[in-house]
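In the working numbering, the protein residues as written are 7 to 219.
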């Protein structure tokens, strides 16, 4: 992942985001998901399962976004420093795919009788695909000492839990490769100071989980 300029994120307009490894055609969908992320309220409705072995899918919906916020402190140098850009990396090797069979209500299926309308209100058995585990994020802001030479890199890492439904499907093997398909979207960047006098860089955003294959 290349060096990221702080001003590229600071200059984002309201409603925009900074994307990494997210396909162009998928970006409007992710922006809409970001807009609705805080507005959505999950409601627990009454679940009636007519088949004992397969539970209802329930009200849970697909959510490809895993929020993150990471802060790293630059050193407190007596001669001061100049802040540069930053490097960002993440490790998704602990994210796994779980397939959960469930009954999807109110489905419409094709009528096998010739000329008859589709059958509505059916329960259909599908696979709910869930990403579970954790993602480790690494933030490394660059700094240049005002008195001296060269440049330095500060570091911090945080771990973020993953428990997201990524699709509903009839495919038996729908799991994606989480090593090479997770994207990143930055939504804010914050420069601040610590009580000890260090300058701090915080980046806020979301990891974007892939859909099923």
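For every residue, glycine included, the Cβ atom is placed at its ideal position computed from N, Cα and C. Small disclaimer: the values here were computed from a predicted structure and weren't measured.
{"query": "Per-residue burial, residue 173 [other beta carbons within 10 Å of its own, 16 or more giving buried]", "result": "buried"}
{"query": "Buried/exposed call for residue 138, threshold 16 Cβ in 10 Å", "result": "exposed"}
{"query": "Short Cβ contact (8 Å threshold) for residue 175 with residue 23", "result": "no"}
{"query": "Identity of the residues DSSP links to residue 186 by a beta bridge", "result": "Paired residue(s): none; residue 186 is not in a bridge."}
{"query": "Beta-carbon spacing of residue 94, residue 145 below 8 Å", "result": "yes"}
{"query": "Min CB distance residue 85 to chain B below 8 Å", "result": "Absent here is chain B; the protein component of the structure consists of one chain."}
{"query": "CA-to-CA distance, residue 165 to residue 90, given in whole angstroms", "result": "25 Å"}
{"query": "Strand pairing of residue 151, partner residues [DSSP]", "result": "87"}
{"query": "CB contact flag (residue 151, residue 187, <8 Å)", "result": "no"}
{"query": "Coil, strand or helix - residue 39 by DSSP", "result": "helix"}
{"query": "Residue 160 beta carbon less than 8 Å from that of residue 81", "result": "yes"}
{"query": "Residue 123 - DSSP class collapsed to helix/strand/coil", "result": "coil"}
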